[in-house]
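Chemist: In order, the protein sequences belong to chains A and B.
Residue numbering for the first sequence follows my numbering, starting at 1 and increasing by one per position.
Residue numbering for the second sequence follows my numbering, starting at 1001 and increasing by one per position.
From the three backbone atoms N, C-alpha and C, an ideal C-beta is built for every residue, glycine too.
Structure incoming, see below.
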Amino acid sequence: MSQTSKQYCTFFVNGQFFGVEVLNVQEVLRYQQMTCVPLAPPTVQGLINLRGQIVTAIDLRRRLDLPARPDDQLPMNVVVRSDDGAISLLVDEIGDVVELNDEGFEHPPETLRGVARELIKGVYQLKDRLLLVLDTERTVNLSGGAALGNEQNN
Amino acid sequence: MAINNEALQQQLIKDLLIESFEGLDHFDREMLALEKGEGKPETLNIVFRVIHTIKGTAGCIGLGKIESVAHVGENLLSLLRDGKLKTNPPMIAALLEYSDSLKEMLHSLEQTGQQGDKDYSLLLAKLKALQTEEPAAETKLPAADSGWGLFEDEVPAAVPASAPIPAIPAAAKPLSPEKIPLTEVPSQRAAASVSDTAIRVDVAQLDKLMNLVGELVLARNQIVQFTGESKEPTLLNASQRLNIITTELQESVMKTRMQPIGNVWAKYPRIVRDVAHELGKEIKLIMEGQETELDRTIIEAIKDPLTHIVRNSIDHGIEKPEARIAAGKPAEGLLILRAFHEGGQVNIEIMDDGQGINTARVKQKALEKSLITPEQASRITDREVFNLIFLPGFSTADKITNVSGRGVGMDVVKTNIEKIGGSVDVLSQLGQGTTLKIKIPLTLAIIPALIVTSRSERFAIPQVNLLELVRLEGELARKGIEELYGAPVYRLRGQLLPLVYLNREFKLEHSGTEKTATDVQIVVLQADGRQFGMVVDEINDTEEIVVKPLGKQLKGISCFAGATIMGDGRVALILDVLGLAQHAKVIAEVRDRSLTDKSKNVDRASQKQSFLVFDAGQNSRMAIPLSAVARLEEFPRKMIERSGGQEVVQYRGDILPLIQVSDYLANGGNATSTADPLQVVVYSELGRSVGLVVGKISDIVEEVLTVKRDVKREGIAGSAVIQDKVTDLLDVPGIIRAADPTFYRPNQENV
């Protein structure tokens, strides 16, 4: 493989194919029991106990303004590292780890709107589908306008 | 005293040895790095600090020789650190030699208790010379023994090289063994050196260890539960052993963070002696419970406040021997420090048998400094007076000594103790002495908490905030909770307790699985000196919980202090009672609910007064000072009996005369309350009680009182604006006198 490639941990949210850089991912877990946090922003689904560490779980469907997950479908946890420690992203299903050449990386189209514009770093054209690359730092940052899907200050 | 001082000295020396050996090893390493040109910018800072600490500590415990030797090197290092000098090989060699000489003295101290009689003047001269020299002129040294006093304290920063002396080719031999027998280890050194039996561990490392143990405990719980169903003896044995070992491990790890309070107290014999000496007092110090253990972080936090209190007791509390003898007390004053565990907290008491707090003088001082108004001064209780000493800017010392009395202190003491979740209380008897009681949590990382459930969600409430639990059953569950303009309240022993429904505050939904409880569970909480009740579905148990912080996504929610992991591995949120009270607006709306614990709010109380506001009929809003209210009661009409032409009820095994307040108001003759049950304010004085029947109790408010005295009506003491409404103040003594002229006659038994 060439020097300029990156590995991505991929997953599905509402049928769409997303990826985060594997270096940002601490681990992937199946569904964990959660304690919900009253008065918390709606994107925060709850708290999980990750081997004694308390980790906030963010529902990616809500974060990305996608329709809510059906009740009978249990989310999986993609635990990412952030400046503020580990954070779990709740996704529908886990995909493979893929290695992609940086050349294939494209910026998101201008027509992308809403919160997705803020959180999606770029797109890879795969053979059968598109891979949307998430900016993990922005995704876990719920402060400011980003949480509401408005503009976000860098 | 002598024995104490001996032990203290030993302890201090031991600490110095551990610290210094370690520091000097570090020093050597850094020096070698510098020599190789690998020094980092902070290197010089590090080595400077090492030496500075050794010098400071040695000086404190009277090790003059070590101090003076360290001092010379410190001067050189400070020049290096400030960039005024550059290091060069001879300088490093000299500094290493210097480090060795310090080690030598410390070794000697460790083995013989003496600092050794070796003469270091040559080395010191070299170091001093290096301070002034240009890096090139490294071989110049002043005369080795031209009066360089070892115990000289101040060394001018720029000592001129007094005379050229025989050059020492320092660069050639960084460590000249014939001059410095560096680590000559005497063969008689039988016991391992202290620095070999103790190590320093980063607290973060201990925290990590603690986390892991917490996890192990959870895993253990699951395994024990699982194997409990098994019949396999080997498995059962193994799981039992695992159980025991885990518990022991947990205790040991917790212990690593704990330190006996004696570590802080160790300094006190000396402080007490010195301060007493300075003030011409004789004081005997007794310390009890020195082995009481506290978390390290808490020990650090209480160090200064405690020292301040001790100094204060000596300065203000205990009198001079002559005064003591005149007062019929032994010339020697007694200062007792006592520490013990109680209810998951550590209690520290500082008792003296001195003159006690002179309430009159405290009041006078508080008046002079306008901390209270004359009216308040006439009204406040002794207990409240004692608490005035915690007000900022308060000091009764007639003259300011350098020990205490500058008016900074007790308020800082109180703030610091409250910062770590503790409380401080003062009791005093004039002429008998003063006792300060401090309560502090055992640790900040592990706290005792009450676990409650609301809509099948568990929450932990820190025990510190918990006052009591109230359970309303059957009839009471339906009728016990009343509403004041939609705000639920409960009458808790005559006090209106605002209620907060946890499920409503948190918008928790019915999951449908929990049983619909008919009983009402109220957790009475205290935050910022005010009380409120929290209604929950279920009260579970108290548990020791490990506090863990929440992620930044949730930092904005003031209702939670953190989270913890429960025995079953699930996460539970820890309530921040103050935050919750503010969120539920129980604190912002009703100003002050702390009826039983007013003393804690003296600073507020000194400007404001609490009133019970009620409706006396005919829409007249009346108020009486809360201090006049003993209890609030409710009596069904059918309980009223008559005795001697007066309405009475049987109350707590006694007969309580009832007074219809409206009967005694100038304009309220026909407005006698017809409400059932009767709302009664019980007023007690001189051991007797009377029930004032009022229309409807509406609220308790706290206001700054501006009475307009021009109102001259019967039964009314004046009018004031309370909560932006004109409110008449009831003349309670006047009404009682009118109703029962005998009430105020002392010692009259008529029931």
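(1) Which residues in chain A have a C-beta closer than 8 Å to the C-beta of A1563 of chain B? List them in chain order.
(2) Taking only three categories from DSSP, how would you classify Y1664 of chain B?
(3) Where does E1178 of chain B fall in DSSP's three states?
(4) I want to verify the contact list: residues of chain B whose CB lies under 7 Å from the CB of A40 of chain A, in sequence order.
(5) According to DSSP, is A1630 of chain B helix, strand or coil?
(6) Going along chain A in order, which residues have a C-beta closer than 7 Å to the C-beta of A1572 of chain B?
(7) Is there a C-beta anywhere in chain A that falls below 9 Å from the one on D1015 of chain B?
(8) Output the distance between the C-alpha atoms of P1174 of chain B and P1089 of chain B, rounded to the nearest integer angstrom.
(9) Is DSSP giving F1021 of chain B helix, strand or coil here?
(10) Looking at the C-beta of I94 of chain A, does it have a partner C-beta in chain B at a distance below 9 Å?
(11) So, for Q1429 of chain B: in the same chain, excluding its five sequence neighbours on each side, which residues have a beta-carbon less than 7 Å away from its beta-carbon?
(12) What are the residues of the stretch 76-104 of chain A that lie near chain B, defined by any Cβ-Cβ distance shorter than 9 Å?
(13) Find the nearest neighbour of R69 of chain A within the set A:K6, A:F12, A:L50, A:G95, judged by alpha-carbon distance.
(14) Who are the neighbours of R51 of chain A on chain B, taking C-beta pairs under 7 Å?
(15) Any beta-carbon of chain A closer than 9 Å to the one on N1211 of chain B?
(16) Here's the rule I'm using: 16 or more other beta-carbon atoms within 10 Å means buried, otherwise exposed. How should D1207 of chain B be labelled?
(17) Select from A:K6, A:C9, A:L134, A:F17 the residue whose C-alpha is nearest the C-alpha of D128 of chain A.
(18) Which residues does DSSP list as the beta-bridge partners of S1643 of chain B?
(19) For G1280 of chain B and F1027 of chain B, what's the separation of their Cα atoms in angstroms?
(20) In three-state DSSP terms, what is I1350 of chain B?
(21) On the DSSP bridge list, what partners appear for R1621 of chain B?
(22) Any idea if F1226 of chain B is buried or exposed, counting beta-carbon neighbours within 10 angstroms, 16 or more meaning buried?
(23) Please go through the stretch 1087-1117 of chain B and give each complete alpha helix (DSSP H) segment of 4 or more residues, from N-terminal end onward.
(24) In whole angstroms, what separates the C-alpha of L134 of chain A from that of A86 of chain A?
(25) Can you grab the Cα-Cα spacing for the pair E21 of chain A / N1237 of chain B, in whole Å?
(26) Give every residue of the same chain whose Cβ lies closer than 7 Å to the Cβ of P1156 of chain B, excluding the five residues on either side of it in the sequence, and list them in chain order.
(27) Terminal residues of the continuous beta strand (DSSP E) containing H1341 of chain B?
(28) Can you tell me the Cα-Cα spacing of G19 of chain A and L1554 of chain B, whole angstroms?
(29) Considering only DSSP beta bridges, list what M1287 of chain B is partnered with.
(30) Using the beta-carbon of each residue, which ones in chain A are nearer than 7 Å to G1569 of chain B?
(31) Using 10 angstroms around the beta-carbon of Q1650 of chain B, count the other beta-carbons present and answer buried if the total reaches 16, otherwise exposed.
(32) Using alpha carbons as the reference points, say which of B:G1431, B:Q1250, B:P1441, B:S1239 lies closest to L1209 of chain B.
(33) Hey, could you find the ends of the alpha helix (DSSP H) V1264 of chain B is sitting in?
(34) Using a Cβ-Cβ cut-off of 6 Å (strictly less than) and excluding sequence neighbours within five positions of P1181 of chain B, which residues of its own chain qualify?
(35) Using the beta-carbon count (16 or more within 10 Å), is L23 of chain A buried or exposed?
(36) Whole angstroms are fine: how far does the CA of L1127 of chain B sit from the CA of E1006 of chain B?
Modeler: With the given structure in hand:
(1) Within chain A, the residues near A1563 of chain B are T35, L47, I54.
(2) Three-state result, Y1664 of chain B: helix.
(3) Low confidence applies here, because E1178 of chain B scores a pLDDT of 43, under 50, leaving its location unreliable; read the following figure in that light. E1178 of chain B: coil per DSSP, three-state reduction.
(4) Chain B residues near A40 of chain A: L1554, I1557.
(5) In the structure shown, A1630 of chain B falls within a coil segment according to DSSP collapsed to helix, strand and coil.
(6) Taking a Cβ-Cβ threshold of 7 Å, the residues of chain A close to A1572 of chain B are T35, in chain order.
(7) Interface annotation, D1015 of chain B: not in contact with chain A, CB-CB separation never under 9 Å.
(8) Caution applies to P1174 of chain B, whose pLDDT of 42 falls short of 50 and renders its modelled position unreliable; the value that the coordinates give is listed next. Each residue's Cα considered, the two are about 8 Å apart.
(9) The answer is helix: DSSP assigns F1021 of chain B an H, G or I state.
(10) Cβ-Cβ to chain B under 9 Å: no for I94 of chain A.
(11) Take Q1429 of chain B, set aside five residues on each side of it, and the residues of its chain with a beta-carbon closer than 7 Å to its own are G1356, in chain order.
(12) Listed by position, the residues of the stretch 76-104 of chain A near chain B (Cβ gap below 9 Å) are S82, D83, D84, G85, A86, I87.
(13) Per the Cα distances, A:F12.
(14) Scanning chain B for C-beta atoms nearer than 7 Å to the C-beta of R51 of chain A yields E1215, reported in chain order.
(15) For N1211 of chain B, the answer is yes, since a Cβ of chain A falls inside 9 Å of its Cβ.
(16) Exposed, by the Cβ-count rule.
(17) Taking D128 of chain A as reference, the option from A:K6, A:C9, A:L134, A:F17 with the minimal CA-CA separation is A:F17.
(18) According to DSSP, S1643 of chain B bridges with B:Q1646.
(19) Taking the straight line from one Cα to the other gives about 44 Å.
(20) Shown here, I1350 of chain B sits in a strand according to DSSP, grouped into three states.
(21) DSSP, once it has assigned bridges, lists B:D1615 as partnering R1621 of chain B.
(22) It counts as exposed.
(23) As summarised for the stretch 1087-1117 of chain B, the continuous alpha helix (DSSP H) elements at least 4 residues long and confined to that stretch are 1089-1112, given in chain order.
(24) Across the structure, L134 of chain A and A86 of chain A are spaced so that their CA atoms are roughly 16 Å apart.
(25) Computed Cα separation, rounded: 47 Å.
(26) In this prediction, P1156 of chain B has a pLDDT of 43, which is less than 50 and means its spatial position is unreliable; what the coordinates show is noted afterwards. Taking P1156 of chain B as the centre and dropping the five residues before and after it, the same chain places no C-beta closer than 7 Å to its C-beta.
(27) Note, H1341 of chain B: beta strand (DSSP E), 1333-1342.
(28) Each residue's alpha carbon lies about 25 Å from the other.
(29) Secondary-structure assignment with DSSP links M1287 of chain B through a beta bridge to B:L1337.
(30) N49, listed in chain order.
(31) Result: exposed.
(32) Taking only the C-alpha atoms, the option nearest L1209 of chain B is B:Q1250.
(33) From DSSP, the alpha helix (DSSP H) with V1264 of chain B extends over 1262-1265.
(34) Note that P1181 of chain B scores 42 on pLDDT, short of 50, meaning its location in the model is unreliable; the coordinates nonetheless yield the value given after this. So the list is empty, once near-sequence residues are dropped.
(35) Its Cβ having fewer than 16 others within 10 Å, L23 of chain A is exposed.
(36) Roughly 35 Å separates the two Cα atoms.
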